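A short write-up of the structure that comes next.
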Amino acid sequence: MGPEELTTLLWRERELLDLLVFKLDEEHLILQSGKTRWLDHATREVEHVMDRLRAASLERTAVASSVAVEWGLADNATLQDLAAAAADGPWGEILSAHFAALTTQVDQLRSLRDTNLQFLRAGLRSAQETAAGLAPDAGTYNHLGHTRQDAGSRFLDQSV
2 MGPEELTTLL
12 WRERELLDLL
22 VFKLDEEHLI
32 LQSGKTRWLD
42 HATREVEHVM
52 DRLRAASLER
62 TAVASSVAVE
72 WGLADNATLQ
82 DLAAAAADGP
92 WGEILSAHFA
102 ALTTQVDQLR
112 SLRDTNLQFL
122 RAGLRSAQET
132 AAGLAPDAGT
142 YNHLGHTRQD
152 AGSRFLDQSV
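Everything in the sequence shown is counted per our numbering, starting at 2 for the first residue and increasing by one.
Pasting the structure below:
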């Protein structure tokens, strides 16, 4: 396995990261609209892309390890290490460009993730507050063992 396979896998990983940005943007729009009916579907789609991304990342790591050993580096060399060690030719520039693009995509993903988490937390707080407001008042008992609500309804019954 050589640098050609590595760059092919890096392109695939970048495409999956773009798809993940898209799916998180969709999730954000759903959260922002307040129409949470589709939130479960959007979350499943994000998880599906994440699974595909994990598999692609593992494959890329294996190939990068092979290239690193081939170029005389440790098998756990980073993409930056590979770019720096690339022999004369285009590989150093190509691998550096992939690293820069991946870094930008990861920054975008972090920002979207944080924004979506803020929306989810705000929605959860709102739902908890609404649920707390729906709970019936337990009332207090008087000396006869009736709640104040019972006493009020008896008063209304007697006055009719």
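Yeah, the Cβ is synthetic: ideal placement off N, Cα and C, and Gly gets one too.
Quick caveat, the model's predicted, so the values are computed rather than measured.
Cut-off 6 Å between Cβ atoms - residues of its own chain near residue i, not counting five sequence neighbours on either side
i, result
"residue 17", "53, 54, 57"
"residue 86", "72, 74"
"residue 43", "27, 28, 31"
"residue 76", "66, 69, 70"
Cβ-based burial, residue i [other Cβ within 10 Å; buried from 16]
i, result
"residue 64", "buried"
"residue 117", "buried"
"residue 14", "buried"
"residue 135", "exposed"
"residue 8", "buried"
"residue 84", "buried"
"residue 133", "exposed"
"residue 21", "buried"
"residue 88", "exposed"
Contacting residues, own chain, Cβ-Cβ under 7 Å from residue i (five flanking each side not counted)
i, result
"residue 4", "68, 92"
"residue 81", "100"
"residue 157", "With a pLDDT of 48 at residue 157, under the threshold of 50, the modelled position of this residue cannot be trusted; read the value that follows with caution. Closer than 7 Å at the Cβ level, and outside the excluded window around residue 157, lies no residue."
Whole-Å CB distance - residue i paired with residue j, under 8 Å assumed
i, j, result
"residue 61", "residue 11", "6 Å"
Spatial neighbours of residue i in its chain, beta-carbon cut-off 8 Å, leaving aside the 5 residues before and after
i, result
"residue 32", "40, 117, 120, 121, 124"
"residue 37", "31, 124"
Flag this pair as touching only if the segment 93 to 100 and the segment 40 to 53 have three or more C-beta atom pairs under 8 Å; answer yes or no.
-> With a cut-off of 8 Å, the segment 40 to 53 and the segment 93 to 100 do not count as touching, because too few Cβ pairs lie within range.
Sequence ranges, alpha helix (DSSP H) only - wholly within the segment 63 to 116, length at least 4 | If we require 4 residues or more, the alpha helix (DSSP H) runs fully inside the segment 63 to 116 come out as 80 to 86.
Pair every Cβ in the segment 18 to 26 with every Cβ in the segment 104 to 113, then say whether three or more of these pairs are closer than 8 Å.
-> Here the segment 18 to 26 makes contact with the segment 104 to 113; the two share three or more CB pairs at distances below 8 Å.
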